[in-house]
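2 protein chains.
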Amino acid sequence: MAGGSQLLRIQNPPSIVSSAAVVGRKEFEGPLGADFDLHADDDKFGMDTWEKAESEMQRLAFGLMLKKGVIKETDVDAIFAGDLLNQCTGSSFGLLDFNIPYFGLYGACSTMAESMMLAALMVGNGVFQRAAAVCSSHFCSAERQFRFPIEYGGQRTPTSQWTVTGAGAMLLAKDGNGPYVTEVMPGISVQKGVKDANNMGAAMAPAAVDTLKRYFSCSGAVPEDFDAILTGDLGQIGHEITAEMLYAVGFNIKKMYNDCGLMIYSAKTQDVHAGGSGCGCSGSIMCGPVMKRFRNGTYNNILFIGTGALMSPGSVQQGMPIAGIAHLVRISSTLPACGGGGEGVSP
Amino acid sequence: MAGGSQLLRIQNPPSIVSSAAVVGRKEFEGPLGADFDLHADDDKFGMDTWEKAESEMQRLAFGLMLKKGVIKETDVDAIFAGDLLNQCTGSSFGLLDFNIPYFGLYGACSTMAESMMLAALMVGNGVFQRAAAVCSSHFCSAERQFRFPIEYGGQRTPTSQWTVTGAGAMLLAKDGNGPYVTEVMPGISVQKGVKDANNMGAAMAPAAVDTLKRYFSCSGAVPEDFDAILTGDLGQIGHEITAEMLYAVGFNIKKMYNDCGLMIYSAKTQDVHAGGSGCGCSGSIMCGPVMKRFRNGTYNNILFIGTGALMSPGSVQQGMPIAGIAHLVRISSTLPACGGGGEGVSP
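Which chain is which? The protein sequence lines are H and B, in order. Residues 17 to 363 in the numbering used here are what the first sequence lists, from first letter to last. Residues 17 to 363 in the numbering used here are what the second sequence lists, from first letter to last.
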């Protein structure tokens, strides 16, 4: 990539050869419930703590992904994984059983995009033949860590989002029949002064706008090229801000724009306020429903923009603003007509 | 890389073109104090909380690294960064000022090696022209998060280590005169049942042994090829375990083996029990003293094995064992006689 350019066209686009999504009961009862691979009625997955349940979801998702793709553990060259728990123990314990080189990530709720991006760059440039992208979140482990213990029964503000209980695992490989990751654009942290930890959508939206604006400015693509443009977990508030901010600068994505946090729950029948959130939100949606739509031909070309809020309960207590980050991944069912040549594209 | 192989020889080894290390007072007073770029006498770096001080160290280290290398911010294509704070806020706030694509990592204390490894693979394979590796830890932010508030004055066990107050930033570039990152080997999580959070050295040593054993088995290199083999922060206990375990399987590294956690403080005059630890331990040592030794010719060829303990206070409270991970980076002042060709090497 040339200095200052930020869109990365992948030389030999890797193929998403297998994926699996594991969710909790509420997610299973949502409008996309049938498109996930596995769920547990009690969200505990046979474990005695919520944190262990979260790790177990990652273990199950990764194992299922291998099984569905008829892939041996020894054929996976690397795992890129992360989650929201302090010190990312959801991933480190969840994937401990697998004897595979492990890259721990912290991208907050953007982890699915960050891990896909790194796996795609590594496989697409010949470093690995097969690399996995994995992430998770759990409503109960997130509530007690970021907000209140669930037993407390605290009121939620209207702008608050519901952390998804879910995990996604995906394998990117050199050889395969698609869908392909053809382009990625790493996010830049953006901070616009939002300090309300119950309004993550507003805190993250400017980052999504920044990444999409950069993307459309330098890729040559237009919104109409895509069957869907999906952000990770901006929810109602962030979704609206993103659409309007982009519209104001000349990019109308309203027709094909959706957000994983709006897709996973029913706004009418499931009381989740502004929508879903968490690594597991886009993680389970990408590895379940979205991959299914590529298989059945509904999607041929999409942009996925994983969104993350870079904050901690401690940073909020210390009065720090909440920065956002948004990583972009383009997924296409066919390879680009002319290869990108692996070069960066200057905006 | 072929499936199952794990040593990555970098096609076009990137050059470490600039680095900077910022430390606290205790580290400045240690035997390598003169080799760091900057220190603060009160460890606060002008901030009002320890967490903000940690971020400030990263900001200072990154800025200083740019300045020392006469590099413009716009010339850095990506930052790979992480730290030990919950949700990695040391890095996200510390590097927020810089308008550069950001990849958040969580590698526990192995972050310097993980970030160097990713930056080296990306630059070495033409994805980026210049990528930075950054990390930090702070004794006071770590104490109150992982152990007790420092005001409590808790007793420390003899096996405990002292979290280094320090940050390191390094820039890897396509063009440069070395030292070069010629090989990397990502770590695999290893868990041998250690549950004592005050004995991280013992928890991490098996991971260091695993990585070094794999490295010597498939690289063709022998310990005598290196001026130094440096682990990140195993301290006294972990250093001894690693040397003995490797000796038992036929690899004698005792002559050239040291640990950043043993180098940074004086065992005689500074009361740090089993040695230094934290991302900032190997981070500041690699970006300060080690780079200086390459410049003055003391080092021409070393192995750096960043070591991390994959745990959280919560996972320890829930009775989970502590897994370790160790990422290996080979640094050489000259390029290999014959290129590695970018292919993985099977063990």
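Glycine included, each C-beta is placed from N, C-alpha and C at the ideal position.
With burial defined as no fewer than 16 other Cβ atoms inside 10 Å of the residue's Cβ, what is the status of residue i: buried or exposed?
i, result
"A185/H", "buried"
"F119/H", "buried"
"Y263/B", "exposed"
"L228/B", "buried"
"G357/B", "Bear in mind that a pLDDT of 47 at G357/B, under 50, signals an unreliable position, so the number given afterwards is only what the model happens to contain. Exposed."
"R311/H", "exposed"
"Q314/H", "The displayed chain sequence assigns Thr, not Gln, to residue 314/H. Exposed is the call here."
"Q252/B", "buried"
"L187/B", "buried"
"S233/H", "exposed"
"A283/B", "exposed"
"K88/B", "exposed"
"A50/H", "exposed"
"L351/H", "exposed"
"P30/B", "buried"
"G236/H", "exposed"
Please name the residue in the options whose C-alpha comes closest to that of residue i.
i, options, result
"I333/H", "D287/B, G49/B and D64/B", "Reading off the sequence shown, one finds Gln at residue 333/H, where the question assumed Ile. Answer by Cα proximity: D64/B."
"G209/B", "Q22/B, G203/B and P222/B", "P222/B"
"I318/H", "R309/H, L326/H and A325/H", "R309/H"
"Q219/B", "E43/B, L326/B and E72/B", "The sequence shown places Ala at residue 219/B, not Gln. Here the closest residue by C-alpha is L326/B."
"G182/H", "C295/H, Q103/H and V206/H", "C295/H"
"L101/H", "T90/H, D57/H and C156/H", "C156/H"
"A124/B", "L344/B, T323/B and P337/B", "T323/B"
"L367/H", "W66/H, Q103/H and M201/H", "Absent from the structure is residue 367/H, since the part of chain H shown begins at 17 and ends at 363."
"A244/B", "E167/B, L76/B, A135/B and P305/B", "P305/B"
"T175/H", "G62/H, E67/H and G292/H", "G292/H"
"P329/B", "D91/B, K284/B, S153/B and E159/B", "E159/B"
"A69/H", "D287/H, E260/H and S152/H", "S152/H"
"I269/H", "S331/H, T258/H, C276/H and L278/H", "T258/H"
"D91/B", "M73/B, L121/B, Q103/B and P117/B", "P117/B"
"V39/B", "S71/B, D212/B, I32/B and P29/B", "S71/B"
"G277/H", "I301/H, G335/H, A56/H and G110/H", "I301/H"
"T285/H", "T179/H, S331/H and P47/H", "P47/H"
"K84/H", "I166/H, A37/H and L111/H", "A37/H"
"D249/B", "G217/B, M261/B and H154/B", "G217/B"
"T198/H", "S35/H, A339/H, S349/H and M261/H", "S349/H"
"G340/B", "M261/B, C303/B, F267/B and G203/B", "G203/B"
Going straight from the alpha carbon of residue i to that of residue j, what length do you get?
i, j, result
"N214/B", "T173/B", "7 angstroms"
"Y196/H", "F162/B", "42 angstroms"
"S126/H", "S107/B", "16 angstroms"
"P239/H", "I321/H", "13 angstroms"
"A94/H", "N115/H", "10 angstroms"
"Q133/B", "L137/H", "It is Met, not Gln, that sits at residue 133/B in the sequence shown. Approximately 14 angstroms between the Cα atoms of the pair."
"N274/B", "E45/B", "20 angstroms"
"M128/B", "G98/B", "8 angstroms"
"K271/B", "C297/H", "51 angstroms"
"A189/H", "H289/B", "47 angstroms"
"Q27/B", "N141/B", "7 angstroms"
"G280/H", "D226/H", "Checking the sequence, you will find Ile at residue 280/H rather than Gly. So the alpha carbons of these two residues sit roughly 25 angstroms apart."
"F78/H", "D191/H", "20 angstroms"
"N316/H", "V150/B", "38 angstroms"
"V86/B", "A342/H", "29 angstroms"
"N193/H", "R346/H", "16 angstroms"
"K42/H", "D53/H", "14 angstroms"
"Y231/H", "D241/H", "13 angstroms"
"F164/H", "R146/B", "42 angstroms"
"L80/H", "V265/H", "43 angstroms"
"Q103/B", "Q103/H", "7 angstroms"
"P337/B", "Y168/H", "29 angstroms"
"F61/B", "F109/B", "15 angstroms"
Taking 7 angstroms as the cut-off, does the CB of residue i come closer than this to any heavy atom belonging to the ligand COA?
i, result
"E199/H", "For the structure depicted, the ligand COA is absent and the ligand set is empty, with no information on it obtainable."
Chain-ordered residues of the stretch 196 to 226 of chain H with a beta carbon less than 7 angstroms from chain B = P202, G203, I204, S205 and Q207
- Task: At 4 residues or longer, and completely inside the stretch 286 to 339 of chain H: list those alpha helix (DSSP H) runs for me, N to C.
- Result: 295 to 301, 307 to 311 and 329 to 333
Which of the residues in the stretch 27 to 43 of chain H, read from start to end, lie with their CB under 9 angstroms from any CB of chain B? Q27
*Which of the residues in the stretch 326 to 345 of chain B, read from start to end, lie with their CB under 8 angstroms from any CB of chain H?*
L326, M327, S328, P329, G330, S331, Q334, M336, A339 and I341
**OP:** Compile a chain-ordered list of the residues in the stretch 70 to 87 of chain H whose CB is closer than 8 angstroms to at least one CB of chain B.
**Re:** The residues in question: there are none.
Contacting positions in the stretch 173 to 191 of chain B - beta carbon closer than 8 angstroms to chain H:
none
* For the stretch 118 to 132 of chain B, which residues have a beta carbon sitting closer than 9 angstroms to at least one beta carbon of chain H? -> Y118, F119, G120, L121, Y122, G123, A124, S126, T127 and E130
**Asked** If you scan the stretch 230 to 278 of chain H from start to end, which runs of the alpha helix (DSSP H) of 4 or more residues do you find wholly inside it?
**Response** Within the stretch 230 to 278 of chain H, the complete alpha helix (DSSP H) segments of 4 residues or longer fall at 251 to 264, listed in chain order.
task = Using a Cβ-Cβ cut-off of less than 8 angstroms, give me the residues of the stretch 134 to 148 of chain H that come near chain B, in sequence order.
result = Within the stretch 134 to 148 of chain H, contact with chain B at the beta-carbon level (separation under 8 angstroms) is assigned to L134, L137, M138, N141, G142, V143, F144, Q145 and R146.
Practice task
Within the stretch 139 to 179 of chain H, note down every full beta strand (DSSP E) run reaching 3 residues or more, in order along the chain.
Solution key: 146 to 153
| If you measure beta-carbon to beta-carbon, which residues of the stretch 51 to 69 of chain H are closer than 8 angstroms to chain B? | T65, E67 and K68
Anything in the stretch 294 to 323 of chain H with a Cβ closer than 9 angstroms to a Cβ of chain B? List those residues in chain order, please. Against chain B - using a Cβ distance shorter than 9 angstroms - the stretch 294 to 323 of chain H contributes no residues.
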